[in-house]
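Down below is the structure, laid out as structure tokens.
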Amino acid sequence: MRHETALALGRLPAGTKVRRTSSDPGRAVLTGFVGGPAPLDDWEKFDIPGLRGIGKTAPYFHNNSAATLEEVVEHYKQFYKRVAIQAPQAPLLTTQPGVTPPVIDRPFTDAEVPALLAYLRRL
Ligand code: HEM
Numbered sequence: 002m003r004h005e006t007a008l009a010l011g012r013l014p015a016g017t018k019v020r021r022t023s024s025d026p027g028r029a030v031l032t033g034f035v036g037g038p039a040p041l042d043d044w045e046k047f048d049i050p051g052l053r054g055i056g057k058t059a060p061y062f063h064n065n066s067a068a069t070l071e072e073v074v075e076h077y078k079q080f081y082k083r084v085a086i087q088a089p090q091a092p093l094l095t096t097q098p099g100v101t102p103p104v105i106d107r108p109f110t111d112a113e114v115p116a117l118l119a120y121l122r123r124l
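Positions 2 to 124 (the numbering used here) are the ones given, in order, by the sequence shown.
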């Protein structure tokens, strides 16, 4: 359970100090917004670019953790596997009104990977 949830539920005594650690605190480093009510919490928040021209802008993700689009696709293959295990009840459409993530779109199949890569390279 996240510490702030435990605090909200009163399971930690009021006034308890919670030490948060992260290898990647995101925008909070710039704004100092940590632990406030939304939108005053920038902990591990990132501004996300669009995908136009993605074939020419390697490496990928905010920490350059994927060197190629093949690695990006592998990342999402593992991501969808994780979601299927951790949130099997998640609805199939990210666009469903009132539904908050995590949600799962239909995962792509291995046979679809070449087409997915070709599509990404045309954006
Ligand atoms: C087949 C499905 C997907 C593909 C091909 C895809 C593709 C990509 C690519 C190429 C990037 C890198 C952008 C860049 O570095 O300039 C990216 C970033 C991102 N995508 Fe996806 N995406 C997919 C699914 C999803 C899903 C399901 C989510 C949310 C649940 C998501 C959320 C994000 C986020 C938050 C980033 C930024 C991550 C970062 O910078 O570290 N994507 N995506």
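We put the CB at the ideal spot given by N, CA and C, even for glycine.
Tell me whether the beta-carbon of residue i lies closer than 8 Å to the beta-carbon of residue j.
i	j	result
residue 117	residue 54	no
residue 20	residue 46	no
residue 36	residue 42	yes
residue 60	residue 81	no
residue 70	residue 13	no
residue 25	residue 65	no
Under DSSP, the alpha helix (DSSP H) around residue i begins and ends at which residues?
i	result
residue 31	29-32
residue 55	Element bounds for residue 55: n/a, residue is neither H nor E.
residue 87	70-87
residue 115	114-123
Taking residue i as the reference, give the member of the options with the closest Cα.
i	options	result
residue 111	84, 86, 79, 122	79
residue 44	52, 31, 119	31
On the premise that residue j lies in contact with residue i, defined as a C-beta separation below 8 Å, what is that separation, rounded to the nearest angstrom?
i	j	result
residue 88	residue 76	Actually they are not in contact, since the Cβ atoms of residue 88 and residue 76 sit about 18 Å apart, beyond 8 Å.
residue 1	residue 74	Any question about residue 1 goes unanswered here, given that the chain covers just 2 to 124.
Going by the C-beta, is residue i closer than 7 Å to any heavy atom of the ligand HEM?
i	result
residue 31	no
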